[in-house]
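Residue numbering for the sequence shown follows numbering that gives the first Met the number 0, beginning at 0 and increasing consecutively. Even glycine gets a Cβ: it sits at the ideal position worked out from N, Cα and C. Okay, structure first, notes after.
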Amino acid sequence: MHFRIVLSCTLLFSAVLVSAQAPDFQVRDYLKRTWTNERIFFPLTPAQRAHVKAGHALEGPEGPVSYQLGAGDRLYLLTDLAPFETRAFRFTNDRAKPESDLKVEETADAIRISNGLTGILLAKRLTDGGGPIQGVRLQSGKWAGGSADCRLYRGGGCPRTRVGGGALPGDVGGRRRLGAARAAGCSRAGCAIR
């Protein structure tokens, strides 16, 4: 009798332990192929969606994994996979620690997105003749450039400026043809980034 109780408690504890560590997501290679830095996605269950909303960390075989919520309520992540390997990922109840120094700052007129290397200043409202980019922070820390609507300048040209040594393509002003810019309403002459 005592043995049955101990055996029952052991099996119950094992079942609870296994279910607590069950992966939320699992991927396996069946093609005997090595996958490197592959983007994969999984549809989310309501419980997994709650983890994402709470900002919980996702653990993989090698530690925390960066993930992103995408269209169609899917969770996207990057992983490597050896031939016939299985990798499992599970949410923890700990908050995810960002791997980036990305900062987003908002003022009354603009939104500044930056990190330790560069930054961009975006206008909240367009002014006459002005474009959406108010400036780009160079690696030196100096803010330079901006954007303009070329259609407002006579002769189709835009003001040209030169900042520093021109290490960044946007450092040297002038006309830049942007493929998607026409959809945004730019003229045949293109839009300028100065």
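Margin query: Whole angstroms are fine: how far does the CA of F83 sit from the CA of E58?
Written below: 20 angstroms
Notebook entry, point to check: With a Cβ-Cβ cutoff of 9 angstroms, do V64 and F88 count as a contact?
Noted result: yes
Next item on the list: Give the straight-line distance between the Cα atoms of L125 and V26, rounded to the nearest whole angstrom.
Entry: 46 angstroms
Note to self: Using C-beta distances below 7 angstroms, list every residue in its chain close to K123, excluding the 5 sequence neighbours before and after it, in chain order.
What the structure shows: D108, A109 and I110
Check: Hey, out of K102, V51, F90 and Q67, whose CA is closest to T117's CA?
Finding: K102
Notebook entry, point to check: Cα separation between E98 and Y66?
Noted result: 11 angstroms
Check: What is the residue span of the beta strand (DSSP E) that Q67 lies within?
Finding: Y66 to G69
Check: Helix, strand or coil for V15 per DSSP?
Finding: Residue confidence for V15 is low, a pLDDT of 39 falling below 50, so the modelled location carries little weight; the figure read from the coordinates is stated next. DSSP, reduced to helix, strand and coil, places V15 within a helical segment of the structure shown.
Check: Given a threshold of 16 other Cβ atoms within 10 Å of its Cβ, counted over all protein chains shown, does D127 qualify as buried or as exposed?
Finding: Around the beta-carbon of D127, fewer than 16 other beta-carbon atoms lie within 10 Å, marking it exposed.
Check: So what does F24 bridge to, in DSSP terms?
Finding: F88
Item checked: Distance CB(R86)-CB(A56) smaller than 9 angstroms -> no
Checklist line | Cβ-based neighbour list, G129, same chain, cut-off 8 angstroms, excluding 5 preceding and 5 following | finding: A122, G145, S146, A147 and D148
Note to self: Output needed for I132: all residues of its chain with C-beta closer than 8 angstroms, excluding positions within five of it in sequence on either side, in chain order.
What the structure shows: I119, L120, L121, A122, G144, G145, S146 and I192
Next item on the list: Tell me whether K123 sits in a helix, a strand or coil according to DSSP, three-state version.
Entry: DSSP places K123 outside both helix and strand once states are collapsed to three, so it counts as coil.
Notebook entry, point to check: Are V51 and L68 closer than 9 angstroms when you measure CB to CB?
Noted result: Remark: C-beta atoms of V51 and L68 approach each other more closely than 9 angstroms.
Item checked: Extent of the continuous alpha helix (DSSP H) to which R48 belongs -> P45 to A53
Check: Bridge partners of Y75, per DSSP?
Finding: Beta-bridge pairing links Y75 to F40 and Q67.
Next item on the list: Specify, as a first and last residue, the run of the beta strand (DSSP E) that R32 falls within.
Entry: Neither: R32 is in no beta strand (DSSP E) and is coded neither H nor E.
Margin query: Could you compute how far the alpha carbon of K31 sits from the alpha carbon of S113?
Written below: 41 angstroms
Next item on the list: Give the DSSP-derived three-state secondary structure of E58 in the structure shown.
Entry: strand
Note to self: So, at 8 angstroms on beta carbons, what are the nonlocal neighbours of K96 in its own chain, with the 5 sequence-adjacent residues on each side left out?
What the structure shows: A56 and P63
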